[in-house]
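Structure first, then comments.
In C-alpha cells:
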C-alpha cells in the first residue's frame, strides 16, 4: 500500500499478546486516521464496558499522510471511551510520534488490557516489548521522555506518555508528547493510566510508500511555498496565537471567568500576552514538517524554559481572572508536566472562583486557600492538588460535577458543562453558530472549526464575510454571529472538513481552519501519496459516514437530542457589556437550529438519532 | 561561480521538512532516515543542529575510500558516491568528522548530499529560512564561520543542562 502501511498493531498489555491486523479492508469506507480509529473503537468496545476497565481500547491512529513529505503531516488521533462522560473520548496530538510510528510500520496502535505492574510499551520496527516502568512511575511527562530515551540509548526515540495525573486516574488527565504536544480533551491519560501503562516509545527505520513521487515532490514544494506565503502562516509562525488572543478578547469571542463576563479591561485593553512574548520568546517551533510552527518556546528567567500554544494563553488568564503572565506561564508548565488537560483544569479553577465569589464555598472547602479571582495560589495549588489527588483536588479530579455535588444543589446549578466536559471556551451568547457547533458536536468539544472562526472574523468586513457565508454555506447569516440562519450548513460542512483532514493524518490548522478553508489541497496530496482517485466530494462522503458512526457510538452509550444542549446561563443571562452587549441565545431559535441540523443530517428530529434510512444510504453497519 | 548550502542552526526549528523532502527527492518514498541531511535535536532546549556535507576542500570521505568511489562533482562542488564502485565498507561514514555521510538503515547504501545536482530541494522548503543556497564568496564564508561559531555554544548550553 502507499500512504498506509497496511498494519494495525494490537497489544494486550495484560496477557502480552501482540497481533497484527490489516488496515486495507477499512480504508475505502473509513479512510484512515481518525476515521479508521473510529471504526476500530466502535467494533472493539463492548457496550457495558466502563472507561477505566481493562477492556476499554485505547487507540492511536496515524493517517495515510502522516510522516509524508508534505507540510504539517505529523498528526495522530487518539480515541477510547471517555472517563469524563462515558461517551466517545477523542483527541489529537502533533509532534513527531505519528511519523515515527509510520516508519516503524503501523497505521494504528491499539492497547487493551491492564498490566500487572507499571510498564511502558517499546516498539522498534517489528519488535514490540513491554518494559518495566516502576522507575518512571511518578515522574512528570518531560522527565519520562528523556529517561526512556536514555534507558534505550537513542535520543531519537519518540514518546507519548502520561504524568502523575494520568497515574492517579484524574478524569481529565491527558497524553503529552514532546513538550507541548497534547491529546488534551476527554481524559485519555486516565485510560492509559488505568492500564498501568506509563508511555509508548517508538522508533522506526522504514518508509512510507508514495504512488506518484515525482508529482508529489513538485506539488508538495509548491504547497510548502503557498502555505508559507499565507498571512495566517506569517502570523502564527511569528507569534503563535498570542496576538489573536488579544483580538478575540476585544471581540467578546473569549469569555472571562467561568463564562461570567466579557470585555474585562485587563484582558481586552491590557492583555499582557504580546508583551510577554516580546520579552521572553526565543523561537517558534512546531510539529513534523510544519511551516506554521505555532508553538511558543519561551525562556522566562525565574521559571526556566518551556513551550506552550493555544488555549492556555486565555485559559490561564481571562478564564481565571488572572492578568499576571508569570502565573499563566507557571500554570501551563505545571499542567503540561503533570499531564492535565489545560482547558478542563482552568475551567475547574474558574468554577471554584465563581463559587467563592457567590459565597457558595469558602476556604474551609478548599484546604484553607481562598479561591479569590486571579489568586496565584488558588491557580497553581489547584493544578497541583488535582494532579496528585491531594485535599480538595482529590474530588475535583473526578470532575467538576463530583465536586459541585458535594457542595450542594446551588453549586450544581452553577456548572457550565456540555456532555460532562468543560465546553470549548467561546462565548456562545454572542456567537450563535459556534453555540450550535458546541452543542451538537462530538465529545463535548469539537471546536475550533471553520464555521465558528468565520463568525469571529465577520466584524472585520461584514459584507465580505456574508458573501463568504453565502458561497460556502448557502446563507449570509452563517457569518453573522447574532443570526440563527445558515448555521446548520456551516456546522455540517465544518464537521466534515475536520473529520476528513483528521482522517488523513495532517493538521486542520492549514488544511481546514486557517490557511485553506476547503479540503482540496489535502485531498490532492492524498491522491498523489496513496494513488487513490478520490476527489473532494468522495472524501466528504466518507466524512459524512464517519460523522454518523461517531454519532451511533454515542447513541449506543445512551446519547439523545437532549444531550445536545448548552448550560442554561447562555439562554438566561444576556451579556452585560462589550461589543455584543445584550446578546443571549434564544431557546426557541436555538432548538430550531438543531431541527435544521438534524433535518439536513437525516437524523430523527425527536431523538437526534440517525435514521435507518440514513444509515442504509451510507452503508454504515452499526 | 560555485554555490554552497549555508545552514544556520540558530534558525532551525527541528521540523524535519528538509529530511523528508530530501528522502522523497532521492528515493521516491517518505523516510527521513534516507535523507542526506539530518537534524540533531535537543528538543527541550529548542536547540537544533542540521548536519549536512560540508564539501570540504580535502574531504576525509574521498581520502579514505579504498575504491575511489567518492569523488567531487566539479560542476556543483558536491561530493558524490559512484554506486558501481562502492563496496559498502562505510569507511567514509566513519571518517567524516561531521557525521555528515549517512547510510540507509535498511540497505546500507551510502547517502551523500549531492546538492540535488545544483538545485537543492531542502533550501526550497525550509520554513525557517535556515538553509540557503548561495555563491561561494567571502561573504558566504564569513556567514558559515559565524554560524559554526555559535553551534558549540548552543549545544553546550543544551547538553550542560541535561548532563
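Residue numbers (the numbering used here), protein chains in the order written: chain A, 593 to 1214; chain B, 1264 to 1426.
Each residue gets a CB set at the ideal place from its N, CA and C atoms; glycine is no exception.
In chain order, 877 make up the part of chain A whose C-beta sits under 8 Å from the C-beta of residue 1277(B). In the structure shown, residue 1334(B) adopts extended strand secondary structure according to DSSP, grouped into three states. In the structure shown, residue 974(A) falls within a helical segment according to DSSP collapsed to helix, strand and coil. Annotated three-state conformation of residue 604(A) is strand, per DSSP.
Residue contact with chain B for residue 659(A): present (Cβ-Cβ distance below 8 Å to some residue of chain B). Here residue 1191(A) carries a helix assignment [DSSP, helix/strand/coil]. With 16 or more other Cβ atoms inside 10 Å of its own Cβ, residue 1277(B) counts as buried. As the crow flies, the alpha-carbon of residue 674(A) is around 15 Å from that of residue 629(A). Chain B places no beta carbon closer than 8 Å to that of residue 752(A), leaving this residue out of the contacts.
Under DSSP, residue 702(A) forms a beta bridge with 602(A) and 651(A).
Residues of the segment 1378–1399 of chain B whose Cβ lies closer than 8 Å to any Cβ of chain A, in chain order: 1384, 1387, 1388, 1390 and 1391.
Chain-ordered listing is empty here: chain A has no CB closer than 8 Å to the CB of residue 1410(B), the nearest sitting near 16 Å. Shown here for residue 1212(A): same chain residues with a beta carbon closer than 7 Å to its own, the five before and five after excluded, namely 1137, 1140 and 1141 in chain order. A Cβ of chain B is located within less than 8 Å of the beta carbon of residue 770(A). For residue 939(A), same chain residues with a beta-carbon under 6 Å away, outside a window of 5 residues either side, are 1014 in chain order. Burial check for residue 807(A): the Cβ neighbour count within 10 Å stays below 16, so the residue is exposed.
Taking one beta carbon from each stretch, the segment 970–978 of chain A and the segment 874–888 of chain A have fewer than 3 pairs nearer than 8 Å; the two do not touch. Residue 902(A) is not bridged by DSSP to any residue.
Taking 9 Å as the Cβ-Cβ cut-off, the segment 1307–1325 of chain B approaches chain A at 1307, 1308, 1309 and 1311, given in chain order. The C-beta distance from residue 670(A) to residue 682(A) rounds to 7 Å, short enough to fall under 8 Å.
In this structure, DSSP gives residue 681(A) an extended state, which the three-state scheme calls strand. The count of Cβ pairs closer than 8 Å, one atom from the segment 1372–1381 of chain B and one from the segment 1334–1352 of chain B, reaches three, so the stretches are in contact. By alpha-carbon distance to residue 836(A), the top candidate from 822(A), 849(A), 860(A) and 850(A) is 860(A). The C-beta separation of residue 1134(A) from residue 635(A) comes to about 17 Å, leaving the pair out of contact by the 8 Å criterion. Looking at the DSSP output, residue 773(A) sits in a beta bridge with 769(A). Taking the C-beta atoms as reference points, residue 692(A) is found nearer than 8 Å to residue 750(A). With respect to the 8 Å criterion, residue 766(A) and residue 943(A) are not classified as neighbours on the basis of their beta carbons.
Under the 8 Å criterion on CB atoms, residue 797(A) is classed as interfacial with respect to chain B. Judged by DSSP secondary structure, residue 1355(B) falls within the alpha helix (DSSP H) whose first and last residues are 1354–1358. Around the C-beta of residue 1422(B), fewer than 16 other C-beta atoms lie within 10 Å, and the residue is accordingly described as exposed.
Residue 1048(A) and residue 1374(B) have their alpha carbons spaced roughly 49 Å apart.
The Cβ atoms of residue 789(A) and residue 712(A) lie closer than 8 Å to each other. Distance from residue 1097(A) to residue 667(A) at the Cβ level is roughly 5 Å; contact confirmed, criterion being Cβ atoms closer than 8 Å. Just so you know, the alpha carbons of residue 999(A) and residue 968(A) end up roughly 23 Å apart. In the structure shown, residue 1050(A) falls within a helical segment according to DSSP collapsed to helix, strand and coil. For residue 882(A), the CB contacts under 7 Å within the same chain, skipping 5 residues up- and downstream, are 663, 664, 666 and 1099 in chain order.
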